[in-house]
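Here the structure is laid out as structure tokens; the discussion comes afterwards.
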Amino acid sequence: MFRRFVQRLRGRKEPSRKEPSVSSHVSESSSSTPKTYSQRYEETNKMTTDQIRSMIAKRESEGKPCGVAYRVLADRSDARAKALNIDPPRPGRKTYSQRYNETNAMSISDIRALIAQREAQGKECGVLYRVLSERT
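Counting in the numbering used here, the sequence shown runs from -4 upward without gaps.
Right under this line is the structure:
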């Protein structure tokens, strides 16, 4: 009953139960289930950093989200920093996780405005794009 309600909201008509349409069976069997976040993470983590960056550039140009790719890059940089025992370069500079948490507390419109402002200044917006892609 709930499925019918959702389908009606989306503008789809449910096929009658007496006469199942052939096309619905074909599309159900041919369409694969979407990958889970962890599957996408594992696949992305197997790629080189340059491959991930080129994938992000390609997907952003297509308007697709890149949250998993940003997460893999962030985890790699965090792991590298811990392995090399690197502290933040300047006193008072925020860590990636601090910047992420602050950005995550902002509204989507504020994040978009900040992206426009930082791009105009030629600054990086990685954390902003990551939070935005995770939310939209």
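Quick reminder that beta carbons are idealized off the backbone N, C-alpha and C, glycines included. Fair warning: this is a prediction, and the values are worked out from it, not measured in the lab.
The alpha carbon of A74 has as its nearest neighbour, out of P60, C61, Y91 and G87, the alpha carbon of Y91. Ranked by how close their Cα comes to the Cα of Q34, the residues S104, G58, V63 and A52 have V63 in first place.
The distance from the Cβ of V67 to that of N96 is about 19 Å, inconsistent with a contact at the 8 Å cut-off. Closest in C-alpha terms to Q93, from the list V126, R113 and I110, comes V126.
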